[in-house]
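Student:
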Amino acid sequence: MFRNLETALQQYVRFSQEELTTFLARLQIINVSKQEVVLKKGQVCRALYFVNKGALKQVDDNETIINLFATNEWMMDIKSFTSQKATEYAVIAVDHCELFYLSVHDLHELIQMSPVFFQLGKLMEAGHANFSYQNNRLSPEEKYELLLKEKPQYIQLFSSKTIASFLGIAPETLSRVRRKIIS
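For reference, each letter of the sequence shown is one residue, going 9 to 191 in our numbering.
So this is what it looks like as structure tokens:
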């Protein structure tokens, strides 16, 4: 049941079996329906989620895609989670999802038990920030090529309109970029 999560955890930090067991014991499971809101704008993100199955999108008031999350990825509003202040965005399921989540309270308790858990949080934050940082400073072609390299599964999971919004380009530009790459 937790095989994908264990693999994802080990990408960041090497856990002892005891640490891994302690972490897994704190997890809760939630099933989310297609189009269900997981995190509403104005709420505080009080949990760290792992997408065991499914896909989600983080959107602003104009339905602009801020972030995308898919199977075997971590999902949270980084800014809200770390500051424990209201989020500016909503997170909505694109299809049926099974999520594992760890409350911020449980994460803090784990961090007090072992510094390994503190390292895990910092590495996940850096991973999210790095992709966003690169994404905002590239040409449309470079953005799409980076997406193909880093997150190829997104092309199958999300619509062209969603991908274009995520990359910060018009759908027509995405079509041109795809044609150019294919030819």
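Each residue gets a CB set at the ideal place from its N, CA and C atoms; glycine is no exception. Source: prediction; values computed, not measured.
Within 10 Å of its beta-carbon, does A178 have 16 or more other beta-carbons around it, so buried, or fewer, so exposed?
Tutor: If you number the sequence shown from 1, residue 178 lands on position 170. It counts as exposed.
Student: Just list the residues that DSSP pairs N39 with in beta bridges.
Tutor: Counting from 1 along the sequence shown, the entry for residue 39 is found at position 31. BP columns for N39 point to E106.
Student: Note down the Cα distance separating V102 from L64, rounded to an integer number of angstroms.
Tutor: In the sequence shown, counting from the first residue as 1, residue 102 sits at position 94. In the sequence shown, counting from the first residue as 1, residue 64 sits at position 56. Each residue's alpha carbon lies about 5 Å from the other.
Student: Reducing DSSP to helix, strand and coil, say where I73 ends up.
Tutor: As a first step, residue 73 must be located in the sequence shown, where it is residue number 65. In the structure shown, I73 sits in a strand (DSSP, three-state: E or B).
Student: What does the Cβ neighbour count give for T95, buried or exposed, with the cut at 16 atoms within 10 Å?
Tutor: Here residue 95 corresponds to residue number 87 of the sequence shown, with the count starting at 1. Result: buried.
Student: Quick test of your reading: K61 and E27, contact by CB under 8 Å. State the CB separation rounded to the nearest angstrom.
Tutor: Sequence index remark: in the sequence shown, residue 61 carries index 53 (1-based). Sequence index remark: in the sequence shown, residue 27 carries index 19 (1-based). That belief does not hold up - the Cβ atoms of K61 and E27 are roughly 25 Å apart, past 8 Å.
Student: Which residue's Cα is closest to the Cα of I190: Y152, E158 and M9?
Tutor: In the sequence shown, residue 190 corresponds to position 182, counting from 1. Ranking Y152, E158 and M9 by Cα distance to I190 puts Y152 first.
Student: In whole angstroms, give me the CA-to-CA distance for M193 and R184.
Tutor: The chain is shown only over 9 to 191; residue 193 falls outside these bounds and no answer can be derived.
Student: Name, in chain order, the residues that DSSP records as bridge partners for E81.
Tutor: Here residue 81 refers to the residue found at position 73 of the sequence shown. DSSP, once it has assigned bridges, lists V59 as partnering E81.
Student: For Y141, count neighbouring Cβ atoms within 10 angstroms of its own Cβ and tell me buried if that reaches 16, exposed if not.
Tutor: Taking the first residue of the sequence shown as position 1, residue 141 is located at position 133. In this prediction, Y141 has a pLDDT of 43, which is less than 50 and means its spatial position is unreliable; what the coordinates show is noted afterwards. Result: exposed.
Student: If you draw a straight line from the C-alpha of F77 to the C-alpha of F166, how long is it?
Tutor: As a first step, residue 77 is located in the sequence shown; it is residue number 69 there, counting from the start. As a first step, residue 166 is located in the sequence shown; it is residue number 158 there, counting from the start. Near 10 Å, if we compare the C-alpha coordinates of F166 and F77.
Student: From this set, E81, H116 and K87, which residue's C-alpha is nearest Y162's C-alpha?
Tutor: Here residue 162 refers to the residue found at position 154 of the sequence shown. The candidate whose alpha carbon is nearest that of Y162 is E81.
Student: Could you work out which residue in E71, V124 and F108 is closest to M9 when comparing CA atoms only?
Tutor: For the purposes of this step, residue 9 is taken as the residue at position 1 of the sequence shown. The shortest Cα separation from M9 among E71, V124 and F108 belongs to F108.
Student: Helix or strand or just coil, what does DSSP make of Q25?
Tutor: To locate residue 25, count along the sequence shown from 1; it is residue 17. Looking at Q25 - three-state DSSP - the assignment turns out to be helix.
Student: Which residue comes first and which comes last in the beta strand (DSSP E) that contains A16?
Tutor: Within the sequence shown, residue 16 is the residue found at index 8, counting from 1. No beta strand (DSSP E) holds A16; the alpha helix (DSSP H) holding it covers R11 to Y20.
Student: When the distance is taken between beta carbons, is P160 closer than 8 Å to T181?
Tutor: Here residue 181 corresponds to residue number 173 of the sequence shown, with the count starting at 1. Here residue 160 corresponds to residue number 152 of the sequence shown, with the count starting at 1. Cβ atoms of T181 and P160: not closer than 8 Å.
Student: Let me confirm a value: T170 is counted as buried when at least 16 other C-beta atoms fall within 10 Å, else exposed. Which label applies?
Tutor: Taking the first residue of the sequence shown as position 1, residue 170 is located at position 162. Classification of T170: buried, given that the 10 Å Cβ count is 16 or more.
Student: If you draw a straight line from the alpha carbon of S122 to that of S168, how long is it in whole angstroms?
Tutor: Numbered from 1 along the sequence shown, position 114 holds the residue referred to as residue 122. Numbered from 1 along the sequence shown, position 160 holds the residue referred to as residue 168. In a straight line, the C-alpha of S122 is about 43 Å away from that of S168.
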